[in-house]
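Written below as structure tokens is the structure these notes are about.
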Amino acid sequence: MGQIRSRHACEEAHEGGGMSHRPLLLAGMLVFLCPVLPAYADPCKAPLPAQAGVQFSGTVRYVGDGDSLCVGKTTDPNAWIEVRLADFNAPELHEDGGAQGKVALERIALHREVTCATERGRSRRVISFDRVIARCRVGSQPIGDMLRQAGAPEGGN
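Residues in the sequence shown are numbered from 3 upward in steps of one, following the working numbering.
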């Protein structure tokens, strides 16, 4: 009779009448996914210029998508200014062409010296979604023009 109860208890557990494996599965998924989450966090932490016409320069340290990048003179993310390019509108990463746009901006600007000047966007603001709106150049060439010449996808928000 002890064997029957044990078998019955196992069947009950397997059918959901006993201990559920869902909490264990959820915990396992969180442990697996949590190390990935910081990769999506925005590393640019410097205060943003709040007026149009402010010039700044440095190395492109990070590319967020096809029209967002971080500029800094040092390797310290607390000194990196996050920029939304004023002269190029790339698709969002989740849209068609978004990943391709990010790769294009990385090829053109990542680890290169740039000079940027802030300006007002369509909303008349200088800051949009925690990024300063600016035109940036590599040497004398505007990054927006370089992206177009490279065939980077345009469009999006």
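Note that the Cβ used here is the ideal one computed from N, Cα and C, for glycine as well.
In this structure, does DSSP put residue i in helix, strand or coil?
i, result
"D67", "strand"
"E108", "helix"
"L95", "coil"
"G157", "coil"
Which residues in the same chain have their Cβ closer than 8 Å to the Cβ of residue i, if we skip the five residues on either side of it in sequence?
i, result
"N121", "What sits at residue 121 in the sequence shown is Glu, not Asn. Taken in chain order, the residues that qualify are A54, G55, A88, V128, I135, A136 and R137."
"A41", "Summary for A41: the model assigns pLDDT 45, below 50, so the residue's position carries little reliability; its value from the coordinates is reported in the next sentence. Nothing meets the Cβ criterion."
"T61", "V73, G74, K75, H113, R114, E115 and V116"
Kindly indicate the opening and closing residues of the alpha helix (DSSP H) around residue i.
i, result
"R122", "Premise fails: R122 is in no alpha helix (DSSP H) and is neither H nor E."
"G146", "I145 to Q151"
Can you name the residues that DSSP bridges to residue i?
i, result
"T117", "S59 and R139"
"G103", "None, per the DSSP bridge assignment."
"C72", "Y64 and E84"
Tell me the residue span of the beta strand (DSSP E) that contains residue i.
i, result
"R127", "Counting along the chain, R127 falls outside any beta strand (DSSP E), and DSSP gives it neither H nor E."
"L87", "I83 to L87"
| request: Taking 8 Å as the threshold, find out whether the segment 86–105 comes into contact with the segment 51–58 through three or more Cβ pairs. | output: no
| Any 3 or more C-beta pairs closer than 8 Å across the segment 74–85 and the segment 104–114 | no
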